[in-house]
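Visitor:
Residue numbers (the numbering used here): 540 to 687.
What follows is the structure, encoded as structure tokens:
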């Protein structure tokens with residue numbers, strides 16, 4: 540967003556905040572999906588504890604590492620574009636989970652699911668540009684509540 544904040548209405552700010560918070564909440568749910576389906580996958584594939592731990596850790600690690608790059612891209616290309624990319628990657632990875640049958644396939648899907656975890660840094664960069672400094676704390680607090 541390259542507009543002067545004096546040209547931004549409160550309605551535009553609120554729309555950007557709430558849509559970003561919804562997008563972050565959705566991405567966070569995708570990022571944590573293995574906490575819901577992990578035990579079933581472990582039993583289905585007969586995974587040992589090490590394999591299971593790696594599977595569960597993969598999305599968290601991918602999300603943590605990709606936050607750096609996607610945060611930079613948010614500054615360069617705009618948060619809206621990058622958030623759409625993050626959500627598309629998360630959607631494709633989630634779709635891949637429906638077809639995964641082997642440990643390797645689940646690991647590859649987990650790598651993609653991890654991209655959804657980077658939505659926090661993308662959203663923070665995007666939301667903060669919509670608000671003046673004296674309102675950013677409140678806006679970012681609301682946005683951060685998306686990881687419920």
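All C-beta atoms, glycine included, are put in the ideal place defined by N, C-alpha and C.
Specify whether the segment 600-611 and the segment 637-648 touch according to this definition: at least 3 beta carbon pairs, one from each stretch, less than 8 Å apart.
Guide: They do not touch, by the three-pair rule.
Visitor: Out of 557, 545, 635, state which residue places its alpha-carbon closest to the alpha-carbon of residue 683.
Guide: As a working mapping, residue 683 is identified with position 144 in the chain shown. For the residues 557, 545, 635, the minimum Cα distance to residue 683 belongs to 557.
Visitor: Roughly how many whole angstroms lie between the Cα atoms of residue 567 and residue 543?
Guide: The count along the chain shown starts at 1 and reaches residue 567 at position 28. The count along the chain shown starts at 1 and reaches residue 543 at position 4. In a straight line, the C-alpha of residue 567 is about 31 Å away from that of residue 543.
Visitor: Roughly how many whole angstroms lie between the Cα atoms of residue 589 and residue 646?
Guide: Position 50 of the chain shown, counted from the start, is the residue given in the question as residue 589. Position 107 of the chain shown, counted from the start, is the residue given in the question as residue 646. Spanning the two alpha carbons is a distance of roughly 13 Å.
Visitor: Using 8 Å as the Cβ pair cut-off and three pairs as the minimum, do the segment 655-666 and the segment 620-637 touch?
Guide: Yes, the segment 655-666 touches the segment 620-637.
Visitor: Can you find the residues in the same chain that come closer than 6 Å, C-beta to C-beta, to residue 555, ignoring five residues on each side of it along the sequence?
Guide: Start at 1 with the first residue of the chain shown, and residue 555 comes out as number 16. For residue 555, where only same-chain residues beyond five positions count, the Cβ hits under 6 Å are 669.
Visitor: Assign residue 605 to buried or exposed, taking buried as 16 or more other Cβ atoms, counted over all protein chains shown, within 10 Å of its Cβ.
Guide: For the purposes of this step, residue 605 is taken as the residue at position 66 of the chain shown. By the neighbour-count rule (16 or more Cβ atoms within 10 Å), residue 605 is buried.
Visitor: Measure the CB-CB distance between residue 547 and residue 632 and report whether it falls below 9 Å.
Guide: Sequence index remark: in the chain shown, residue 547 carries index 8 (1-based). Sequence index remark: in the chain shown, residue 632 carries index 93 (1-based). No, the pair does not count as a contact, with Cβ atoms beyond the cut-off.
Visitor: With residue 626 and residue 562 assumed to form a contact (beta carbons below 8 Å), what rounded beta-carbon distance in angstroms separates them?
Guide: Locating residue 626 in the chain shown gives position 87, counting from the first residue. Locating residue 562 in the chain shown gives position 23, counting from the first residue. That belief holds up - the Cβ atoms of residue 626 and residue 562 are roughly 6 Å apart, short of 8 Å.
Visitor: Report back the beta-carbon spacing between residue 560 and residue 681 to the nearest angstrom; my notes put them in contact at under 8 Å.
Guide: Sequence index remark: in the chain shown, residue 560 carries index 21 (1-based). Sequence index remark: in the chain shown, residue 681 carries index 142 (1-based). Going by Cβ atoms, the distance from residue 560 to residue 681 rounds to 6 Å, so yes, they are a contact pair.
Visitor: Would you list, in sequence order, the uninterrupted alpha helix (DSSP H) runs of no fewer than 4 residues that lie entirely inside the segment 638-686?
Guide: For the segment 638-686, whole alpha helix (DSSP H) runs of length 4 or above, ordered along the chain, are 642-655, 658-667, 672-683.
Visitor: Taking the alpha carbon of residue 597 as the reference point, which residue from 656, 679, 677 has its own alpha carbon closest?
Guide: Translated into the one-based positions of the chain shown, residue 597 becomes position 58. Nearest C-alpha to residue 597: 656.
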